[in-house]
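Note sheet for the following structure.
2 protein chains.
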Amino acid sequence: MKINEKSIEKNPTELLKKLDKLHPSDIAHSLKKIKKSNPDDFIFVLKNLPEDVLGDVILELPEKLREYAYNELTIEKLTDAVDELESDDQTDILQEIEELNVDKAKEIFDGLEVDDQEEINWLKRYEAGEAGAYMQTELFSANLNETISNSIEKLRIAKEEKELENIHQVYIVDDNKILVASILLEDLIIFDYKKTYKEIIEEHGEKRFKPYKVNDDELIKDVAKQFEKYDLSVVAVVGYQNMLIGRITSDDILDVIEDSATEQMYQLAGVHDDFEHDSFIFTAKKRAMWLFINLGTAILASMVIGFFDQTIQAFVALAVLMPIVASMGGNAGTQTLAVMVRRMALGEIDFENSKDAIMKEILVSLLNGILFAFVVGIITYFWFNTVLLGLVIALSMIINLFSAGFFGATIPLFLKKYNIDPAVGSTVLLTTVTDIVGFFSFLMLAKLILL
Amino acid sequence: MKINEKSIEKNPTELLKKLDKLHPSDIAHSLKKIKKSNPDDFIFVLKNLPEDVLGDVILELPEKLREYAYNELTIEKLTDAVDELESDDQTDILQEIEELNVDKAKEIFDGLEVDDQEEINWLKRYEAGEAGAYMQTELFSANLNETISNSIEKLRIAKEEKELENIHQVYIVDDNKILVASILLEDLIIFDYKKTYKEIIEEHGEKRFKPYKVNDDELIKDVAKQFEKYDLSVVAVVGYQNMLIGRITSDDILDVIEDSATEQMYQLAGVHDDFEHDSFIFTAKKRAMWLFINLGTAILASMVIGFFDQTIQAFVALAVLMPIVASMGGNAGTQTLAVMVRRMALGEIDFENSKDAIMKEILVSLLNGILFAFVVGIITYFWFNTVLLGLVIALSMIINLFSAGFFGATIPLFLKKYNIDPAVGSTVLLTTVTDIVGFFSFLMLAKLILL
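Line order of the protein sequences matches chains A and B.
Numbering follows the UniProt record's numbering, with no gaps: position 111 of the first sequence is 111.
Numbering follows the UniProt record's numbering, with no gaps: position 194 of the second sequence is 194.
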């Protein structure tokens with residue numbers, strides 16, 4: 001496709017001329033560049049975008065620019081733009097505007113159709129991580145007793161009015177709106193249109209049309225796992241008594257997977273989600289929190305060293321070498337931790353089968369502990385010309401790498417058991433352990449063997 | 001859906017009875033449990049799976065069990081299973097069998113239909129990261145001059161023979177097989193079936209049916225980015241002169257995104273992809289490689305400390321405090337690094353706009369450097385009752401956190417410039433810098449100020 005480079009248009013008038021050929025995502029990308037060189041041009045383009053494009057473009061802008069747009073655009077313009085969107089996007093935009101300006105959000109809401117208002121009120125109740133917060137209520141459904149041709153006619157009208165898109169199947173409900181079946185368009189198109197859905201289902205058997213569905217209060221992370229497991233492109237969302245209320249499509253799930261991987265990586269590194277719009281002071285504050293915790297653990301490690309100040313004074317070589325033990329332990333532990341946290345997140349490791357994983361990690365660390373005990377022991381011997389110093393560092397290397405493996409594997413499981421996200425804080429806990437065990441084992445052995 | 005728990009069936013006979021109700025992924029999950037308690041039962045179930053399920057189940061097994069299955073199942077059984085699969089999966093399985101047993105793979109290949117053989121030979125040429133390696137050649141296409149009803153009849157036959165599934169659109173090609181348009185089934189179903197595709201396209205305008213397409217040699221990572229950017233559920237894959245050769249669906253892209261996030265996280269932690277089937281000795285070996293590199297940098301840092309052995313002997317407090325400086329620098333740097341690497345991977349940061357990101361990271365680190373200079377300086381003063389020692393650690397804290405931010409932000413960009421994956425090795429490079437800068441600045445300042 002390689003559309004990206006060509007499609008960046010920094011000239012506002014040129015951009016407006018080319019709208020027809022551009023995806024909202026590309027328009028948003030151009031607008032980012034335009035905003036940088038001239039904020040007035042940015043607003044000029046937004047004001048001149050057709051209403052059926054404006055909302056989609058706003059959604060693709062980074063948060064900072066979205067907020068800028070909400071402030072600069074009129075209530076009328078925003079209402080028209082929101083009106084064209086699907087219910088989940090309408091809800092997102094209105095909630096964002098509400099945070100900036102409650103009155104403006106209310107006026108836009110009042111300008112929408114009553115149906116849309118009801119759907120937005122419904123969707124607003126879901127919490128951030130729930131499936132319901134990711135679903136769109138627009139879908140193609142039909143009653144069991146309807147004929148195919150009748151429902152296709154309804155689809156035709158909905159498509160003409162641009163109320164429906166991205167349709168892969170028709171959801172069949174009974175008179176109580178309870179989801180009964182899901183018939184793919186690829187099947188529907190070859191069936192006899194004169195028949196009712198009931199007849200079709202009886203003819204081919206219910207099993208063939210069994211719908212993939214999730215409850216509206218399921219965690220979106222779990223829904224994402226089902227998409228991966230069953231290779232889905234859409235799921236139906238049901239509420240009370242299996243009543244059909246919406247659907248979630250794969251494009252939303254792509255974002256969920258990408259976001260949760262980012263979150264995990266950031267948590268392991270001790271960073272909060274780092275939104276583009278955050279000021280550097282805000283970011284610094286959030287990161288300082290983790291650095292404070294790290295400082296606490298670093299001071300603990302220093303106190304361990306402090307116990308051995310006389311030993312160090314007697315053998316300054318100990319001060320030179322001790323960071324090696326701590327650093328190797330920290331690294332080996334981080335390796336184990338990353339593998340455990342990621343495999344737990346992917347559902348490959350849970351409590352039931354954790355024993356194998358822990359055993360493997362411990363064996364790996366022990367093996368590497370022995371390997372590096374030799375290597376570092378010999379290097380130390382040649383560096384400081386003392387056999388016993390080599391022995392001390394070798395022994396403490398084994399102890400520290402073993403404990404790095406053991407704690408790297410068990411800390412995430414332990415956190416999960418207490419319902420703490422294993423990615424959060426496990427790095428700090430682990431380095432505390434590897435630093436303390438590293439310094440203590442090395443200096444204690446030195447005190448016992450060398451003095 | 002919550003299918004997972006209920007659907008695990010550890011009794012082989014019971015499992016075979018319930019096949020109808022289970023997704024291949026659930027059968028594979030049960031088989032994993034069965035294999036653990038009794039390998040013979042595992043093979044018993046596989047041998048008794050219907051051939052149209054066996055292939056899909058094998059694909060869902062972990063690599064180790066797949067290999068076990070390839071060895072235990074007969075050529076006939078495997079040929080029947082492979083015959084039922086789509087071209088991309090056929091190719092994957094055959095390539096895996098080839099690695100275990102070239103002759104067996106050849107006999108299975110010879111047992112397939114000629115069409116399948118040609119497609120497999122074509123797909124085998126693609127390299128691992130190329131779009132072509134992820135595409136399936138099975139798709140619903142039609143000639144420009146065909147009527148809709150004619151092509152729907154072909155779809156009906158293909159579906160009856162179970163040759164096609166997961167169809168969202170019909171791809172329209174001209175007489176030279178060049179991809180011209182893509183018409184969604186949701187549109188197709190409401191058009192007049194008596195018309196030819198050419199008439200439909202002329203009537204509604206080409207723009208409406210513009211296909212999303214990628215070249216077969218594009219990187220799958222870039223294709224995944226387009227899925228995210230344009231909210232796609234399928235793309236067409238074209239080869240020489242835009243000839244239609246396949247398609248990639250969102251379920252493959254979900255795996256690509258998940259896998260590349262895992263890869264990134266592992267690379268940051270210095271772990272190779274850690275396949276479930278690796279023996280612990282193999283894993284230990286791969287990790288030892290990174291630990292060796294880390295050892296090298298740790299020794300460098302130790303040598304820096306070594307230069308100041310007399311300073312340390314004079315002030316043992318330096319040995320107690322120096323890990324704090326290094327640890328804070330390492331942590332602040334890791335925060336920056338994680339954000340930069342991830343945002344680069346997500347395409348949010350490239351060279352063009354990197355200046356803002358670098359500036360922000362430096363400001364954040366500097367701000368936190370100043371904050372922690374005060375905190376640590378004061379703690380040190382109270383701990384060791386020496387104003388100058390507090391001053392030394394405060395100054396070196398600013399220097400080290402600043403350099404952590406600077407190098408954390410620039411190392412990944414620098415690596416990318418030289419076409420090295422920014423996640424690989426950036427952690428080691430960074431901690432080398434923060435350790436050396438941390439120890440050196442702290443001990444040098446101590447020598448200058450305290451002695």
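Ideal Cβ positions, reconstructed from N, Cα and C, are used throughout, including at glycine.
Note that the structure is predicted; figures quoted are calculated from it, not measured.
How far does the beta strand (DSSP E) with residue i in it reach, from first residue to last?
i	result
ALA142 of chain A	141-143
GLN117 of chain A	Element bounds for GLN117 of chain A: not the beta strand (DSSP E) but the alpha helix (DSSP H), 114-124.
ASN294 of chain B	First-last for ASN294 of chain B: 280-307, but that is the alpha helix (DSSP H), not the beta strand (DSSP E).
TYR193 of chain A	It is not in any beta strand (DSSP E) - TYR193 of chain A carries neither H nor E in the DSSP assignment.
THR249 of chain A	244-249
ILE172 of chain A	169-173
residue 463 of chain B	The question about residue 463 of chain B has no answer here: the residues shown for chain B are numbered 1 through 451.
LYS207 of chain B	No beta strand (DSSP E) contains LYS207 of chain B, which DSSP labels as neither H nor E.
Just to make sure I have the definition right: I need the residues of chain B whose C-beta is within less than 8 angstroms of the C-beta of residue i. Which are they?
i	result
ALA298 of chain A	PRO323, ILE324, SER327 and MET328
ARG287 of chain A	ALA332, GLN335, VAL364 and ASN368
LEU155 of chain A	GLU186, ILE189 and ILE190
ASP435 of chain A	PRO323 and SER327
Output needed for residue i: all residues of its chain with C-beta closer than 6 angstroms, excluding positions within five of it in sequence on either side, in chain order.
i	result
HIS272 of chain A	LYS286
ILE220 of chain B	GLY129, ALA131, TYR134 and VAL256
SER30 of chain A	ILE8, GLU9 and LEU15
THR431 of chain A	GLY330
TYR193 of chain B	ILE148 and SER149
ASN242 of chain A	ILE178 and LEU179
ALA404 of chain A	GLY329, ALA332, GLY333, SER365 and THR434
LYS2 of chain A	A caution first: LYS2 of chain A carries a pLDDT of 43, below 50, which makes its placement in the model unreliable, though a value can still be read off. Result list for LYS2 of chain A: empty, nothing under 6 angstroms.
Determine whether the Cβ of residue i lies closer than 8 angstroms to any Cβ atom of chain B.
i	result
PHE280 of chain A	yes
MET444 of chain A	no
LYS229 of chain A	yes
LEU185 of chain A	yes
HIS23 of chain A	yes
MET1 of chain A	Residue confidence for MET1 of chain A is low, a pLDDT of 43 falling below 50, so the modelled location carries little weight; the figure read from the coordinates is stated next. So yes, MET1 of chain A belongs to the interface.
LEU415 of chain A	no
SER149 of chain A	no
MET265 of chain A	yes
GLU376 of chain A	It is worth fixing the name first, because residue 376 of chain A is Val in this sequence and not Glu. Chain B contact via Cβ: present.
Could you work out which residues of chain A lie near residue i, taking near to mean beta carbons separated by less than 7 angstroms?
i	result
ASP89 of chain B	Correct list: empty, because the minimum Cβ distance to chain A is about 11 angstroms.
LYS207 of chain B	ASP20
Which residue marks the beginning of the alpha helix (DSSP H) containing residue i, and which one marks its end?
i	result
ILE34 of chain B	24-37
LEU179 of chain A	Looking at the DSSP string, LEU179 of chain A is not in any alpha helix (DSSP H); the run it does join, the beta strand (DSSP E), is 179-184.
ALA404 of chain B	387-417
Tell me which residues share the same chain as residue i and place their Cβ nearer than 8 angstroms to its Cβ, disregarding the 5 neighbours each side in the sequence.
i	result
TYR230 of chain A	TYR212
LEU164 of chain A	GLU138, LEU139, PHE140, LEU155 and ALA158
Is the CB of residue i under 8 angstroms away from at least one CB in chain A?
i	result
LEU19 of chain B	no
ILE257 of chain B	yes
LYS447 of chain B	no
THR410 of chain B	no
ILE190 of chain B	yes
GLU5 of chain B	Reliability of the predicted coordinates at GLU5 of chain B is poor, the pLDDT of 49 falling under 50, and the value obtained from them is presented with this limitation in mind. With 8 angstroms as the cut-off, GLU5 of chain B does not count as an interface residue toward chain A.
LEU451 of chain B	no
residue 459 of chain B	As shown, chain B starts at 1 and ends at 451. That puts residue 459 of chain B outside it, with no answer to give.
GLY425 of chain B	no
THR432 of chain B	no
ALA105 of chain B	no
Which bits of chain A does residue i rub up against, with CB to CB less than 9 angstroms?
i	result
ILE312 of chain B	ILE312, GLN313, VAL316, ALA319 and VAL320
LYS159 of chain B	GLU186, ASP187 and ILE190
Sorted by chain position, which residues of the same chain lie with C-beta nearer than 7 angstroms to residue i's C-beta, five sequence neighbours on each side aside?
i	result
LEU321 of chain A	THR380 and ILE393
PRO12 of chain A	ILE34, ASP41, PHE44 and VAL45
At a CB-CB cut-off below 9 angstroms, which residues of chain B make contact with residue i?
i	result
SER233 of chain A	ASN166, HIS168, SER233, VAL234, THR249, SER250 and ASP251
Could you say if the region 363-371 of chain B and the region 325-336 of chain A meet the contact criterion of at least three C-beta pairs nearer than 8 angstroms?
At 8 angstroms Cβ cutoff, the stretches do not touch.
- Query: Does the region 288-308 of chain A come close enough to the region 263-270 of chain B to have 3 or more Cβ pairs within less than 8 angstroms?
  - Reply: They do not touch, by the three-pair rule.
| request: Evaluate contact between the region 306-317 of chain A and the region 389-399 of chain B, counting only Cβ atoms and requiring at least three cross-stretch pairs below 8 angstroms. | output: Using a C-beta cut-off of 8 angstroms, the region 306-317 of chain A makes no contact with the region 389-399 of chain B, since fewer than three inter-stretch Cβ pairs fall below that distance.
* Asked: Given 8 angstroms as the limit, is there contact between the region 37-47 of chain A and the region 66-73 of chain A, that is, 3 or more CB pairs closer than that?
  -> The region 37-47 of chain A vs the region 66-73 of chain A: in contact.
field: Stretch-stretch touch, CB-based, cutoff 8 angstroms, three pairs: the region 142-153 of chain A with the region 190-197 of chain A
entry: Between the region 142-153 of chain A and the region 190-197 of chain A, the count of Cβ pairs shorter than 8 angstroms is three or higher; the stretches touch.
#### Entry: Three CB pairs or more closer than 8 angstroms across the region 16-30 of chain B and the region 436-448 of chain A
Between the region 16-30 of chain B and the region 436-448 of chain A there are fewer than three inter-stretch CB-CB distances shorter than 8 angstroms, so the stretches are not counted as touching.
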